[in-house]
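Numbering (this note's numbering), first residue to last: 3 to 537.
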């Protein structure tokens, strides 16, 4: 209408408020597209733009106030730039692992976007000077805050590193075991007092010297181990080395040594760490124990020999009596024979118990054999001694392997005898040799009452029986010896028992890779064999 005044032109503050969302969106797009601000693309939208809208509002408020007062106060706009949003922006970017350059480039994009938007709204360049002043102050505040945060972080990291170094130094110094670090030229870079004491010299006499200088007798072995760690990066742990040092005064000492790689932050091995524990006393005690065990074993062997002497006489007498035609004499002779063989079996079991409890275990002497053929021989012999019982053998596949035939005969005999003892007289025992797979399995199954659950866990312990069988025989060592023999062949034995049957399952590798025991490591058996087969 005539006389109406035209609406007032929008102020700079109005333009900022009206374009706030557009400014924020355009700023966010440019920041995410900037390859020199890679952190921006890891941040969700609310966190990335968090302080920017508030900063725009503060700018608009300051511009509106300046317009109302009719003057521009640069100090007011500098205070806006140094206000909370810029401070919070700096701390948030530090937490998000921004570099100072990345944080400042965000403000560079902000300045450009704001100026472009306001110029498009018709603002004059001279009107934008307060905005430049505010953004300059914000950039300065962000730079100062981030520098302070990084400086504080480095100070804390340095203090933490110093604390860790002090802890490590205290640990190395006070450890009651030797610690040393060896460089690539095989010189000791650092050792503790315990390491020097083990070698009978001072720390100063060790550090900077080569292994050959400090430990000439042990140097070849130690050098080879350390060079291998440098070459492969693999640690060598708990190796016992023996030899003389100045500390042992000519005697032989024993030390447990571990060697491990020490790497820098790039994963490069630059030293080898050594930990040395003096185990001389422990090794001496172990040697004494071995001497004691050896004496005990020899005693058991002598005991077995002394028992076998009268036993041999009994068996020889029984053989003579058996040739008599008088029925009563023959009957007595057979009882003598059975008793003698039972005594022989007990002696064998006691000797095997002694061997099994030694460090070397029951000696195993493997050679090529056929498990099914050996099982048939054992069953034939058992059938002769127990004619009223029946054992059926089934075999299939390749049953050959490298095992100790005498010991596996003992396994078959013990398992089948055990099955006879704990099954009805009118039932049969089934023996299966399965050679179809890469390993060979031997199964012995019998009918009868299941093994009580509370006895299953200790069934293979010495002097144990599954239950009161119909014909209890021996000392209760049969299954214990079976388990030790099978384990000596690197195999395993398990048992399954239910109302239907009880089945022992022996699993053997084709080749028994064991070291045959020396005569000094097992009880000797000087007496001649009395029975044709150990059961």
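Backbone N, C-alpha and C define an ideal beta-carbon position, used for all residues, glycine too.
Three-way DSSP call (helix, strand, coil) for residue 247 in this model: As a first step, residue 247 is located in the chain shown; it is residue number 245 there, counting from the start. Coil at residue 247, not helix or strand.
Three-state class that DSSP yields for residue 124 in the structure shown: Counting from 1 along the chain shown, the entry for residue 124 is found at position 122. Three-state result, residue 124: coil.
Pair within 8 Å by beta-carbon distance, residue 117 and residue 61: Residue numbering aside, residue 117 sits at position 115 when the chain shown is read from its first letter. Residue numbering aside, residue 61 sits at position 59 when the chain shown is read from its first letter. Not a contact, by the Cβ cut-off of 8 Å.
Residue burial classification, residue 253 (beta-carbon count within 10 angstroms, cutoff 16): Taking the first residue of the chain shown as position 1, residue 253 is located at position 251. Exposed: under 16 other Cβ atoms inside 10 Å.
Residue(s) in a DSSP beta bridge with residue 370: Along the chain shown, one-based indexing puts residue 370 at 368. In DSSP, residue 370 forms a bridge with 404.
Simplified DSSP state of residue 460, which is helix, strand or coil: Along the chain shown, one-based indexing puts residue 460 at 458. Residue 460 falls in the coil class under three-state DSSP.
Residue of 224, 417, 367 and 453 minimising C-alpha distance to residue 404: Position 402 of the chain shown holds residue 404. Nearest C-alpha to residue 404: 367.
Option nearest residue 546 by Cα separation, candidates 108, 167, 87 and 67: Given that the chain is displayed from residue 3 to residue 537, the structure contains no residue 546 and the question cannot be resolved.
Option in 168, 214, 195 and 179 with minimal Cα separation from residue 189: In the chain shown, the residue the question calls residue 189 occupies position 187. Looking at the Cα atoms, 214 is the closest of the given residues.
Secondary structure of residue 424, DSSP reduced to three states: On the chain shown, residue 424 is found 422 positions in, with the first residue counted as 1. In this structure, residue 424 counts as coil in the three-state DSSP scheme.
DSSP state of residue 62 mapped onto helix, strand, coil: The count along the chain shown starts at 1 and reaches residue 62 at position 60. Residue 62: helix per DSSP, three-state reduction.
C-alpha distance - residue 473 paired with residue 370, whole-angstrom precision: In the chain shown, counting from the first residue as 1, residue 473 sits at position 471. In the chain shown, counting from the first residue as 1, residue 370 sits at position 368. Here the model assigns residue 473 a pLDDT of 48, short of 50, so the residue's position is not dependable, and the following value carries that caveat. Using only the alpha carbons, I get a separation of about 35 Å.
Residue 227: first and last residue of the uninterrupted alpha helix (DSSP H) it sits in: Taking the chain shown and counting its residues from 1, the one referred to as residue 227 is at position 225. Run containing residue 227: 221-234, per the alpha helix (DSSP H) assignment.
Cα-Cα separation between residue 452 and residue 459, rounded to whole angstroms: What you label residue 452 is simply residue 450 of the chain shown in a count that begins at 1. What you label residue 459 is simply residue 457 of the chain shown in a count that begins at 1. One C-alpha to the other measures close to 14 Å.
Check whether residue 79 and residue 135 have beta carbons under 8 Å apart: Locating residue 79 in the chain shown gives position 77, counting from the first residue. Locating residue 135 in the chain shown gives position 133, counting from the first residue. For residue 79 and residue 135, yes; Cβs fall inside 8 Å.
Residue span of the alpha helix (DSSP H) that contains residue 256, given as start and end: Walking along the chain shown from the start, residue 256 turns up at place 254. Unbroken run through residue 256 is the beta strand (DSSP E), 255-265; no alpha helix (DSSP H).
C-beta atoms of residue 413 and residue 431 nearer than 8 Å: Walking along the chain shown from the start, residue 413 turns up at place 411. Walking along the chain shown from the start, residue 431 turns up at place 429. The answer is no: Cβ separation not under 8 Å.
8 Å Cβ cutoff met for residue 484 and residue 416: As a first step, residue 484 must be located in the chain shown, where it is residue number 482. As a first step, residue 416 must be located in the chain shown, where it is residue number 414. Their beta carbons are under 8 Å apart, which means residue 484 touches residue 416 by this criterion.
Rounded separation between residue 255 and residue 279 - CA only: Here residue 255 is taken as the residue at index 253 of the chain shown, counted from 1. Here residue 279 is taken as the residue at index 277 of the chain shown, counted from 1. Taking the straight line joining both Cα atoms gives about 11 Å.
Three or more C-beta pairs below 8 Å linking the region 118-128 and the region 91-105: no
C-alpha distance - residue 52 paired with residue 192, whole-angstrom precision: Along the chain shown, one-based indexing puts residue 52 at 50. Along the chain shown, one-based indexing puts residue 192 at 190. Their backbone Cα atoms lie some 53 Å apart in a straight line.
Residue 398 classed as buried or exposed, judged by whether at least 16 other C-beta atoms fall within 10 angstroms: Position 396 of the chain shown, counting from 1, holds the residue named residue 398. When all chains shown are included, residue 398 counts as exposed.
CB of residue 419 within 8 Å of CB of residue 480, strictly: Position 417 of the chain shown, counted from the start, is the residue given in the question as residue 419. Position 478 of the chain shown, counted from the start, is the residue given in the question as residue 480. Contact: yes.
Range covered by the alpha helix (DSSP H) that runs through residue 25: Start at 1 with the first residue of the chain shown, and residue 25 comes out as number 23. Here the alpha helix (DSSP H) through residue 25 covers 22-35.
Reference residue 261; option with closest CA among 401, 514, 232 and 106: Residue mapping note: residue 261 aligns to position 259 of the chain shown, counting from 1. Among 401, 514, 232 and 106, the Cα nearest to that of residue 261 belongs to 232.
Beta-carbon spacing of residue 82, residue 54 below 8 Å: As a first step, residue 82 is located in the chain shown; it is residue number 80 there, counting from the start. As a first step, residue 54 is located in the chain shown; it is residue number 52 there, counting from the start. No, they are not a contact pair.
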